[in-house]
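Enquirer: In the working numbering, the protein residues as written are 2 to 264.
Where a beta carbon is used, it is the ideal one built from N, C-alpha and C, also for glycine.
1) Return yes when the Cβ of residue 23 is within less than 9 Å of the Cβ of residue 37, no when it is not.
2) What residue range is occupied by the uninterrupted beta strand (DSSP E) comprising residue 78?
3) Using a 10 Å radius around the Cβ and a threshold of 16 neighbouring Cβ atoms, would you call residue 255 buried or exposed?
4) Assign residue 230 to one of three DSSP states: helix, strand, or coil.
5) Residue ranges of each beta strand (DSSP E) run of no fewer than 3 residues wholly in the segment 148 to 218, ordered along the chain?
6) The beta strand (DSSP E) with residue 139 in it runs from where to where?
7) Just how far apart, CA to CA, sit residue 230 and residue 165?
8) When you compare only the Cα positions, how much space is there between residue 58 and residue 28?
9) If you draw a straight line from the alpha carbon of residue 211 to that of residue 56, how long is it in whole angstroms?
10) DSSP on residue 64, reduced to helix/strand/coil?
11) Cα separation between residue 41 and residue 134?
12) How close, in whole Å, do the beta carbons of residue 221 and residue 175 come, if the pair is a contact with beta carbons under 8 Å?
13) How is residue 89 classed by DSSP in three states: helix, strand or coil?
14) Check whether the Cβ atoms of residue 109 and residue 21 sit closer than 9 Å, and answer yes or no.
15) Please report how far the alpha carbon of residue 168 lies from the alpha carbon of residue 107, in whole angstroms.
16) Going by the CB atoms, is the gap between residue 184 and residue 228 shorter than 9 Å?
17) Name the DSSP bridge partner or partners of residue 34?
18) Within this structure, are the beta carbons of residue 240 and residue 172 separated by less than 9 Å?
19) Rank 94, 248, 152, 198 by C-alpha distance to the C-alpha of residue 64 and give the top, closest one.
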């Protein structure tokens with residue numbers, strides 16, 4: 002019974018850490034969302050990040066972190082207005098804000114950051130976390146493998162686009178839609194969301210079948226090899242090659258299944 006209770010405690014802790022990590026929404030620049038942390042804490046009144054950052058003791062702490070890291074304030078805490086805005090901060094700032102909100106919360110935040118440090122030392126832990134998260138959502142091991150393989154291929158694809166003249170976010174979006182349209186129809190991303198009844202916040206590929214993931218991965222891989230092999234440059238030409246490569250994949254699927262439609 003004691004072992005079962007211990008197992009339940011560990012499961013509960015891991016669940017809390019995963020939920021907190023979603024709210025923190027860490028980014029590659031090393032910052033996490035203070036607004037997400039505030040929401041996770043239950044949105045305590047008069048304790049939101051904006052009000053906290055104005056406190057004298059907070060300003061003093063921020064100054065100390067700046068001096069210790071030898072950086073400007075904008076490097077450790079930044080705010081953005083409007084939709085998708087909020088306050089983000091580096092690890093030291095997030096931990097200090099967590100202590101201000103709740104002592105127990107600061108311990109949990111510290112556990113999350115410690116876990117990420119351990120994952121950087123041992124990358125296998127990252128894979129285990131992703132696999133376990135997908136299994137909890139009912140995904141099969143075959144689907145998980147296809148999804149994780151696709152993440153790697155997607156990075157190779159976008160890196161290729163960047164190296165061949167695709168610079169703007171709109172350019173990357175157009176190339177992605179050029180992959181989707183031959184497989185799903187005109188409209189690309191928006192059409193997929195409509196067909197699958199997905200909100201704007203949902204990740205499209207997390208809601209694809211194993212076959213869909215494999216088809217998209219192959220289309221992006223084929224496009225990458227063609228762009229590199231033909232030395233294609235520029236957003237419009239890359240977009241055209243993405244569409245042509247995906248059309249080849251779509252035709253192969255239709256021919257193999259001998260039916261109208263693909264997915």
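Expert: Quick look at the numbers:
1) Yes, the pair counts as a contact, with Cβ atoms nearer than the cut-off.
2) Unbroken beta strand (DSSP E) run through residue 78: 78 to 81.
3) Exposed, since its Cβ has fewer than 16 Cβ neighbours within 10 Å.
4) The answer is helix: DSSP assigns residue 230 an H, G or I state.
5) none
6) That residue, residue 139, is in no beta strand (DSSP E); it is neither H nor E in DSSP.
7) If I take the Cα positions, the gap works out to 11 Å.
8) Their backbone Cα atoms lie some 26 Å apart in a straight line.
9) 51 Å
10) DSSP places residue 64 in helix when its eight states are reduced to three.
11) 19 Å
12) Between residue 175 and residue 221 the Cβ distance is about 14 Å, and since that is not below 8 Å, they are no contact.
13) strand
14) yes
15) 40 Å
16) Their beta carbons are not under 9 Å apart, which means residue 228 does not touch residue 184 by this criterion.
17) 89
18) yes
19) 94
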